[in-house]
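Novice: Got a structure for you, written out below as structure tokens; questions coming shortly.
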Amino acid sequence: MANFIKVVCLVLFLALMCAGIIESSICNPININQAKSGVIQGQQVWNATLRNSCACTLLQVKLSIPNFDCVTKINTTIISNDHDDIYYVNGGLPIYAQTSVFFTYAGQCLDVTLNNQYEACS
178 MANFIKVVCL VLFLALMCAG IIESSICNPI NINQAKSGVI QGQQVWNATL RNSCACTLLQ
238 VKLSIPNFDC VTKINTTIIS NDHDDIYYVN GGLPIYAQTS VFFTYAGQCL DVTLNNQYEA
298 CS
């Protein structure tokens, strides 16, 4: 009987683990949108929205933003340079499920891609 219980627990554990892996691979964690909002110093102003569309909290989110050269001051608590073309989002703090982070910049529309993040699912 004890072996049967161990086998059932192992099967349940593996099923839950696989469900988490499948959910993680299906979820596109960050949606990145940029919208024009005006002109300053002859440069287009953009509002960027980073939305965590997953059911999990994202930690240590980093973006790859090649050639990020802004003519206005950026809120560094929202986006800050880590190294080269890699930028921390939200100061490395969590971006909770179904929430967004916003920042505004002036310059060219950026080619923004997700570089790295960790999921914290409960």
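First residue of the sequence shown? That's 178 in the numbering used here, and the numbers climb one at a time after it.
Where a beta carbon is used, it is the ideal one built from N, C-alpha and C, also for glycine.
#1: Using the three-state DSSP reduction, which class does ALA297 fall into: helix, strand or coil?
#2: Take VAL289 and list the residues in its own chain whose beta-carbon comes closer than 6 Å to its own, dropping the five residues that flank it on each side.
#3: Thinking C-alpha only, which one of CYS286, ASN252, GLU296, HIS260 is nearest VAL216?
#4: What residues in its chain sit with their C-beta under 8 Å from that of CYS247, if we drop five residues either side in the sequence?
#5: Tell me the residue span of the beta strand (DSSP E) that contains LEU236.
Specialist: So, from the listed chains and residues:
#1: Taking the sequence shown and counting its residues from 1, one reaches residue 297 at position 120. Strand.
#2: Within the sequence shown, residue 289 is the residue found at index 112, counting from 1. These residues qualify, in order along the chain: ILE209, LEU240, ILE242.
#3: For the purposes of this step, residue 216 is identified with residue 39 of the sequence shown, where counting begins at 1. Checking every option, the nearest Cα to that of VAL216 belongs to CYS286.
#4: Residue mapping note: residue 247 aligns to position 70 of the sequence shown, counting from 1. For CYS247, where only same-chain residues beyond five positions count, the Cβ hits under 8 Å are TYR282, ALA283, GLY284.
#5: Residue mapping note: residue 236 aligns to position 59 of the sequence shown, counting from 1. Element bounds for LEU236: 234-241.
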